[in-house]
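Novice:
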Amino acid sequence: MFVIAHLSDPHLDGSDEPRSRLRRVTSYVRSSSVDVVLVTGDLADHGLAAEYAELAGELDFDVPVLVLPGNHDVSAPLRDGLAAFVSSAGEGHPVHQVRDIGGARFVLVDSSVPGADHGLLSADSLAWLDGVLREPFDGPLFVAMHHPPLELHHPVMDQWKLMESDALAEVLTGKPVTAILTGHVHNAIVTTFAGHPVLGAPGIRSTVPLPFEPHTDSVVDPAAHPGLAFHVHSPGEPLQTVYRYPR
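Anchor point for the sequence shown: position 210 equals 246 in my numbering, and the numbering is continuous, going up by one each time.
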């Protein structure tokens with residue numbers, strides 16, 4: 037059994053509230069038995085060096101930690117401040133990574149667009165992803181990115197979705213992908229894309245109420261409990277995901 041603790045959107049900014057909410061989640065993970073911790077973007081709220089230094093101090097686990105950028109992140113200070121957690125060729129943007137851990141492969145895709153909130157994968161990024169997914173690999177393979185390839189049917193969040201997702205679908209279709217792991221929308225999401233499961237982690241900093249829910253007078257609900265996903269892979273069995281909201 038291989039267990040992924042999937043966190044997303046801590047938005048650390050040096051203040052007490054986001055730090056406290058993140059610690060509720062990380063404390064729960066440390067009390068659990070997991071093989072890897074994955075944080076799918078919006079690590080910092082403003083992309084500042086001090087925010088990444090703060091996050092580095094909070095990601096003290098006895099297992100490997102994987103991080104990738106979101107739309108609030110800035111590539112250069114992220115690379116510098118989280119160098120212990122990032123393995124990516126080149127400098128600046130994009131921060132693509134491939135990490136093999138415990139017999140599983142994680143393809144960490146940078147879907148961010150510098151200076152913008154929406155996501156987009158350039159032709160070069162799609163070619164890189166296609167090449168990685170064509171490499172022989174005998175084990176579960178997870179594609180992780182900040183922006184999920186879907187519409188949330190939310191008047192604000194859908195302005196910041198992953199654009200031109202059809203091109204991504206062409207790359208992913210027929211590839212041996214176990215699941216696509218995402219963040220960004222501050223909700224636990226379960227759907228499919230290009231024939232693969234899409235599993236989104238809840239937001240740590242806040243939750244985004246959907247139009248059919250209460251509290252839709254604001255884009256975010258900062259009082260909702262922070263959450264995380266556990267993805268459990270057992271050979272020969274379907275992937276299982278459970279969501280937890282530590283109090």
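Note that the Cβ used here is the ideal one computed from N, Cα and C, for glycine as well. Please read all numbers here as calculations on a predicted model, not as lab measurements.
Report yes if the C-beta distance between Thr-214 and Pro-172 is below 8 Å; otherwise report no.
Specialist: Counting from one through the sequence shown, the residue named residue 214 turns up at place 178. Counting from one through the sequence shown, the residue named residue 172 turns up at place 136. For Thr-214 and Pro-172, no; Cβs fall outside 8 Å.
Novice: Would you give the residue range spanned by the alpha helix (DSSP H) that Leu-91 belongs to?
Specialist: Taking the sequence shown and counting its residues from 1, the one referred to as residue 91 is at position 55. That run of the alpha helix (DSSP H) goes 85-94.
Novice: Alpha carbon to alpha carbon, how far is Phe-229 from Ala-120? Give it in angstroms, no decimals.
Specialist: Start at 1 with the first residue of the sequence shown, and residue 120 comes out as number 84. Start at 1 with the first residue of the sequence shown, and residue 229 comes out as number 193. Each residue's Cα considered, the two are about 32 Å apart.
Novice: Mind checking Asp-253: buried by the 16 CB within 10 Å criterion, or exposed?
Specialist: Here residue 253 refers to the residue found at position 217 of the sequence shown. With fewer than 16 Cβ atoms within 10 Å of its Cβ, Asp-253 is classed as exposed.
Novice: Where DSSP assigns a beta bridge to Tyr-279, which residues make up the other side?
Specialist: The sequence position of residue 279 within the sequence shown is 243, counting from 1. DSSP output for Tyr-279 lists Ala-265 as bridge partner(s).
Novice: What residue from Leu-48, Ala-205, Val-207 and His-267 has the CA that sits closest to Ile-225's CA?
Specialist: Within the sequence shown, the letter at position 189 stands for residue 225. Ranking the options by Cα distance to Ile-225, first place goes to His-267.
Novice: I'd like to check one pair, Gly-83 with His-108: are the Cβ atoms closer than 8 Å?
Specialist: Position 72 of the sequence shown, counted from the first residue, corresponds to residue 108. Position 47 of the sequence shown, counted from the first residue, corresponds to residue 83. Contact flag set, yes.
Novice: Rounded to the nearest angstrom, what separates Gly-219 and His-154 at their Cα positions?
Specialist: Taking the first residue of the sequence shown as position 1, residue 219 is located at position 183. Taking the first residue of the sequence shown as position 1, residue 154 is located at position 118. One C-alpha to the other measures close to 13 Å.
Novice: In terms of alpha-carbon separation, which member of Ser-158, His-129, Val-110 and Val-65 lies closest to Leu-198?
Specialist: Residue numbering aside, residue 198 sits at position 162 when the sequence shown is read from its first letter. The shortest C-alpha separation from Leu-198 is found at Ser-158.
Novice: For Val-72, write down the residues that DSSP places opposite it in a beta bridge.
Specialist: Taking the sequence shown and counting its residues from 1, the one referred to as residue 72 is at position 36. Beta-bridge pairing links Val-72 to Ile-40.
Novice: Quick one: what's got a C-beta closer than 6 Å to Pro-274's C-beta in the same chain, skipping five residues either side?
Specialist: Start at 1 with the first residue of the sequence shown, and residue 274 comes out as number 238. Excluding sequence neighbours, Pro-274 sits near nothing in its chain.
Novice: Comparing alpha-carbon positions, which option in Gly-272, Ala-86, Leu-162 and Pro-245 lies nearest Leu-48?
Specialist: Start at 1 with the first residue of the sequence shown, and residue 48 comes out as number 12. Among Gly-272, Ala-86, Leu-162 and Pro-245, the Cα nearest to that of Leu-48 is on Ala-86.
Novice: Less than 6 Å between C-beta atoms, sequence neighbours within five positions excluded: which residues of the same chain meet that for Val-143?
Specialist: In the sequence shown, counting from the first residue as 1, residue 143 sits at position 107. Excluding sequence neighbours, Val-143 sits near Val-134, Val-168 and Val-179.
Novice: Using DSSP's beta-bridge definition, name the partner residues of Asp-153.
Specialist: The count along the sequence shown starts at 1 and reaches residue 153 at position 117. According to DSSP, Asp-153 bridges with nothing at all.
Novice: Rounding to the nearest angstrom, what Cα-Cα distance links Ser-63 and Leu-79 in this structure?
Specialist: In the sequence shown, counting from the first residue as 1, residue 63 sits at position 27. In the sequence shown, counting from the first residue as 1, residue 79 sits at position 43. The alpha-carbon atoms of Ser-63 and Leu-79 are separated by roughly 17 Å.
Novice: Can you name the residues that DSSP bridges to His-232?
Specialist: If you number the sequence shown from 1, residue 232 lands on position 196. For His-232, which the question treats as bridged, DSSP gives the partners Phe-229.
Novice: Rank Asp-71, Asp-81 and Leu-118 by C-alpha distance to the C-alpha of Gly-93 and give the top, closest one.
Specialist: Along the sequence shown, one-based indexing puts residue 93 at 57. The residue with the shortest Cα to Cα distance from Gly-93 is Leu-118.
Novice: Who does Ser-148 pair with in a DSSP beta bridge?
Specialist: Counting from one through the sequence shown, the residue named residue 148 turns up at place 112. Ser-148 pairs with Gly-155.
Novice: Could you tell me the distance, in whole angstroms, from the CA atom of Trp-196 to the CA atom of Gly-77?
Specialist: In the sequence shown, residue 196 corresponds to position 160, counting from 1. In the sequence shown, residue 77 corresponds to position 41, counting from 1. Answer to the nearest angstrom: the Cα atoms are 14 Å apart.
Novice: Measure the C-alpha to C-alpha separation of Val-72 and Leu-246 and round it to an integer number of angstroms.
Specialist: Taking the first residue of the sequence shown as position 1, residue 72 is located at position 36. Taking the first residue of the sequence shown as position 1, residue 246 is located at position 210. Spanning the two alpha carbons is a distance of roughly 30 Å.
Novice: CA-CA distance, Pro-105 and Gly-272?
Specialist: Within the sequence shown, numbered from 1, the residue matching residue 105 stands at position 69. Within the sequence shown, numbered from 1, the residue matching residue 272 stands at position 236. Taking the straight line from one Cα to the other gives about 32 Å.
Novice: In whole angstroms, give me the CA-to-CA distance for His-232 and Lys-211.
Specialist: On the sequence shown, residue 232 is found 196 positions in, with the first residue counted as 1. On the sequence shown, residue 211 is found 175 positions in, with the first residue counted as 1. The straight-line gap from Cα to Cα measures roughly 9 Å.
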